[in-house]
Amino acid sequence: MRISKSKLLQLIKHNWFYFLIFLLIFCYFGFFRYFIIPSGDDYFWWGTQGEYLLHHGFYGPIKIYGGSIIGRYLGNFLEILTMRHLKLAVIVFGGFWTLLIWTIWQLSGKTWWSLVLACGFIFTLNDAFLNTILVWNAGFINYVPPMALLLLYLVIVQKGEQQHLSAIYALLTLGLGLTAGLFLESITICQIFLGLILLVFFTSHKQLYHFTYLLGAILYFGMMFSHPGYRLQVPYRQTTFDLSKIWHIYTTSNHIWLISLNTILLAILLVAIIVLAWQSQLSKLTKDSLLLGAVIFLIYYLFVSRYLHTVKTDMIYDYLVNIHFADIDAIVSLLFIGYIGCCIYYLLPFDKMIWLFYVCSGLFFGPLLFVAAPVNCRGIFPTYVFMYLIMIKFVQTASHKLKINRLLLVITMIMVAGAATHYQIIMQTNYEANLMRVQKPAYVQHQRLLNKHVPYRKFVWVNDRFDQQNPDYWNQRLKRR
């Protein structure tokens, strides 16, 4: 009895420790959101246009509302609410980022390594993701909540593989299937295929929650695309099945956001592969091939990273690269994707979850190949999340092969804590600098635009373009302080 009580107390203490960690994570992101400077579309949804769309089912004249006539009901609704109520914005931002990090931790094994790397997720984001998702309210609303909810379903699936789940999970997954699709068209489509893949290929014993999730996804698919806005000819939205155009978009934009820009993730992943391959019992030919591939890709992408730092970008982080470089780099990216599949096959062949993450990376990127407009980096974010999960799986396995495992973990923890402090200082510095400029009478009275940038322009959407700010918003917010 004493032994069981002792174990129970240890379990409670263990859970409370993690509870405190995630409470700190929530507080961190709450403060982070408080310091975010809204920009562009944020003010569209905050203002009279958002008010009109809210009361007209997100439908209106094309000439006025254009690409905003869409069926992203929950995404649009949350964007309006969070722009009008700062306290709610803090809770929503902190809550969904915390949920995303928690689900990454759960799906990658609930170890110390997975926790530290999950906490470091936002600090590995390339400049494009940082600018258009992390520090932009509209970008966050449409991409982070649906991914957090989708990963929550995968956490349930992972749990269901280990035990039979009660009927309450069927209701929960029905809700997840409905709500995860309320934000973004691509996720609405992909979660149907995800539900089918899990039912047909992944699970060995089907349970009710598998079917209810798929049902919820199908129901919302019908609900979203019954919105009249999708039947209108809106220039902002275009699809293509022209192979030459698909390849052009992939070479000049998509593959750069998907692979080439993510130097931190690629470097960590490839080093982990080198460790695993070196310590493996594979044949000499296979081992040498994997090692050689990892070294070549590592050197190549370090050079690519250096090159991309010299390339100009536009306001949506579309890199204006040399077309010949783009073609070569796109081909290398396809080889790299195939190489990672080979590494999983040889180094982690029996890990079902990493295979699922690999398939999901392709599944969520696939629809973007047929999008001719708008082409932006935000659509790549769901695929990046699955790539990050793959990286954690490799790192965790590789860490067990090293004698300096604990030392590396401590160093990584210090680096993540340092990055977190650095980012928070940047956000606060920008916030204070912005307050100094927006409270000037000439600005709030619409007599002139802003004429001074914040110190860290990358941490404001479209690099703090002056014409993307709104004096009416800041006038109201300053009055509420």
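In full-length UniProt numbering, the protein residues as written are 1 to 481.
No residue lacks a Cβ here, since even glycine has one placed at the ideal position from N, Cα and C.
Because the structure is a prediction, the values reported are computed rather than measured.
Cβ neighbours of M413 within its own chain (closer than 8 angstroms, five residues either side excluded): V116. Within the same chain, and ignoring the five residues on either side of C119 in sequence, the residues whose Cβ sits closer than 8 angstroms to its Cβ are I25, I101, V416, A420. Taking every protein chain shown into account, the CB of T239 has fewer than 16 other CB atoms within 10 angstroms, so this residue is exposed.
In the DSSP assignment, A180 falls outside any beta strand (DSSP E) and carries neither an H nor an E. Within the same chain, V311, K312, T313, D314 come within 8 angstroms of L320 by CB-CB distance, once the 5 residues on both sides are set aside. P146 is positioned such that its CB atom lies no closer than 7 angstroms to that of L174. By alpha-carbon distance to A372, the top candidate from H248, L208, F201, V460 is H248. A direct Cα-to-Cα measurement between K401 and N434 gives close to 49 angstroms.
Just so you know, the alpha carbons of S399 and F22 end up roughly 24 angstroms apart.
Sequence-distant Cβ neighbours of I246 in its own chain, meaning closer than 6 angstroms and more than five residues away, are L369. Here A373 is bridged, per DSSP, to Q238.
Runs of alpha helix (DSSP H) with 4 or more residues, each lying fully within the region 100-136, are found at 112-119, listed in chain order. For secondary structure counted as the alpha helix (DSSP H) over 4 or more consecutive residues, the region 351-415 holds these complete runs in sequence order: 352-365, 381-399.
Using a Cβ distance threshold of 7 angstroms, M391 and I268 count as a contacting pair. When secondary structure is reduced to three states using DSSP, Y319 falls in the strand class. Between Y220 and L178, the C-beta gap is smaller than 7 angstroms, which places the two residues in contact. Sequence-distant Cβ neighbours of T212 in its own chain, meaning closer than 6 angstroms and more than five residues away, are A170, T173, L174. Taking one beta carbon from each stretch, the region 252-262 and the region 319-338 have 3 or more pairs nearer than 8 angstroms; the two touch. Contact between L214 and I187 is ruled out by a C-beta separation of about 14 angstroms, above the 8 angstroms threshold.
A straight line joining the alpha-carbon of I189 with that of M223 spans about 12 angstroms. Secondary structure of T251 (DSSP, three-state): helix. Listed in chain order, the non-local C-beta contacts of D41 below 6 angstroms within the same chain comprise A138, local neighbours out to five positions each way being set aside. Distances from the CA of F325 to each of Y52, Y307, L107 were compared; the closest alpha carbon is that of Y307.
Rounded to whole angstroms, D327 and W257 show a C-alpha spacing of 14 angstroms.
Shown here, T421 sits in a helix according to DSSP, grouped into three states. In the three-state DSSP reduction, T203 falls in the coil class, being neither helix nor strand. Spatial neighbours of S280 in its own chain (CB-CB distance under 7 angstroms, excluding positions within 5 residues in sequence) are listed in chain order as K287, L347. Counting C-beta pairs closer than 8 angstroms gives fewer than three between the region 125-143 and the region 54-62, which falls short of the contact rule. Taking the CA atoms as reference points, I296 sits about 23 angstroms from F386. Linking L78 to S333 through their CA atoms gives a straight-line distance of about 36 angstroms. Annotation: H164 is outside any alpha helix (DSSP H) and is labelled neither H nor E by DSSP. Here the C-alpha atom of E51 lies approximately 51 angstroms from the C-alpha atom of I299. Looking at the DSSP output, T313 bridges to Y319. Inter-residue distance for L291 and R448 is about 59 angstroms (C-alpha atoms, whole angstroms). Of the residues assessed, V144 falls on the buried side of the cut-off, its CB having 16 or more other CB atoms within 10 angstroms. Under a 10 Å Cβ-count criterion, Q468 is classified as buried, with 16 or more other Cβ atoms of the shown protein chains found around its own Cβ.
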